[in-house]
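Just so we're on the same page, the numbering used here is the position in the sequence shown counted from 1, plus 530.
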Amino acid sequence: MNFVFDLDGTICFKGQPLDEQVCHALDACIQQGHEVIFASARPIRDLLPILPKEYHHFRMVGGNGAFTYADHKIGVTYFPNEVQAQLVEIALTHNLQYLADSDWDYSYTGDEHHSIYQNIDPLKTASNKQLHQLNGISKIVMFSPTDKVMNLLQLMNVSLFEHHTEVLIDISPSGMDKAKGLDQLGITEYIAFGNDANDRVLFEQAIYSVCVGHHPISMYANETIAAANVARKIKELSYQYG
Numbered sequence: 531m532n533f534v535f536d537l538d539g540t541i542c543f544k545g546q547p548l549d550e551q552v553c554h555a556l557d558a559c560i561q562q563g564h565e566v567i568f569a570s571a572r573p574i575r576d577l578l579p580i581l582p583k584e585y586h587h588f589r590m591v592g593g594n595g596a597f598t599y600a601d602h603k604i605g606v607t608y609f610p611n612e613v614q615a616q617l618v619e620i621a622l623t624h625n626l627q628y629l630a631d632s633d634w635d636y637s638y639t640g641d642e643h644h645s646i647y648q649n650i651d652p653l654k655t656a657s658n659k660q661l662h663q664l665n666g667i668s669k670i671v672m673f674s675p676t677d678k679v680m681n682l683l684q685l686m687n688v689s690l691f692e693h694h695t696e697v698l699i700d701i702s703p704s705g706m707d708k709a710k711g712l713d714q715l716g717i718t719e720y721i722a723f724g725n726d727a728n729d730r731v732l733f734e735q736a737i738y739s740v741c742v743g744h745h746p747i748s749m750y751a752n753e754t755i756a757a758a759n760v761a762r763k764i765k766e767l768s769y770q771y772g
């Protein structure tokens, strides 16, 4: 069986690497013959540094599906040029702070004290460039969007993931989500662990789904558990589906 894990808020917290207990549970899962796949809103650039090096060959989905990672190679889906131009115009016209990701480099204009900024390029292997200098845009986060901005975005051919607690909107190419990214890797049957709006499609399409923490998205999961119990639940399901 495939076991698919969101990272932030699900199996790692506050931008910290996976702890020893979770790693032991993932190792036990693998020993039962399952494959572990990571599916995150982070681009691959920011996903790899929080994983142990021995997990760096695992298959992954990043950027809410805009990135795939297999055999140490990154696949990227960009916004079409017309859509990208519209998004840039909205951000600039409405003076919004943003984080735009390309294949590896990025463009960030937000507060350097924001938690998102703290997690960008921890190994300092990328460059913070102007939007027009990026190879393309695969995902963009707009901070504190107004109602007018939200109305404009909802009319566009894009995928939106709204994060109310952080007051931001996460925008991906149309039809792109974590399940689509998994599909591009040939993964259609899986157990899913997640905790946020961008995990809804994972929950809906999974054979079994677990929400970590009490969040609105939990209504789409088969069960909800506390973060303290995630390692135990991984082991339990890995034996159940072994």
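Using N, Cα and C, we set each Cβ at its ideal position, and we do this for glycine too.
C-beta atoms of residue i and residue j nearer than 8 Å
i, j, result
"Gly593", "Ser702", "yes"
"Gln660", "Ser637", "yes"
"Leu698", "Met680", "no"
"Asn725", "Cys741", "yes"
"Cys553", "Pro582", "yes"
"Gly711", "Thr540", "no"
"Gly640", "Gln714", "no"
"Phe588", "Ile567", "yes"
"Glu734", "Tyr750", "yes"
"Leu629", "Ile670", "yes"
"Asp631", "Ser657", "no"
"Pro675", "Leu626", "yes"
"Ala600", "Lys765", "no"
CB-CB length for residue i against residue j, believed under 8 Å
i, j, result
"Tyr738", "Asn752", "5 Å"
"Asp538", "Ile650", "Contact flag wrong, Cβ pair sits at about 13 Å."
"Asp536", "Phe723", "6 Å"
"Leu682", "Ile620", "6 Å"
"Gly772", "Gln616", "That pair is no contact at about 48 Å."
"Lys708", "Leu732", "5 Å"
"Thr607", "Met706", "6 Å"
Burial state of residue i (16 or more Cβ within 10 Å)
i, result
"Asp496", "No answer is possible for residue 496: it lies beyond the span of the chain, which begins at 531 and ends at 772."
"Lys544", "exposed"
"Thr655", "exposed"
"Ala758", "exposed"
"Asn532", "buried"
"Ala761", "buried"
"Asp633", "buried"
"His602", "exposed"
"Gly716", "exposed"
"Ser570", "buried"
"Ala555", "buried"
"Ala756", "exposed"
"His586", "exposed"
"Leu653", "exposed"
"Leu622", "exposed"
Coarse secondary structure for residue i, derived from DSSP in three states
i, result
"Pro703", "strand"
"Ile717", "coil"
"His554", "helix"
"Leu728", "What sits at residue 728 in the sequence shown is Asn, not Leu. In this structure, Asn728 counts as helix in the three-state DSSP scheme."
"Ser668", "coil"
"Glu753", "strand"
"Leu548", "coil"
"Tyr638", "strand"
"Leu698", "strand"
"Ile580", "helix"
"Ile560", "helix"
"Ala571", "coil"
"Phe691", "strand"
"Asp677", "helix"
"Ala656", "coil"
"Asn759", "helix"
"Tyr738", "strand"
"Asn733", "Looking at the sequence itself, residue 733 is Phe, so the reference to Asn does not match. Three-state result, Phe733: helix."
Distance cut-off 7 Å: residue i Cβ against heavy atoms of the ligand ADP
i, result
"Val742", "Absent from the structure shown: the ligand ADP. Ligands present: none."
Q) Curious, which full-length beta strand (DSSP E) runs of at least 3 residues does the segment 588-630 contain? A) 590-592, 597-600, 603-606
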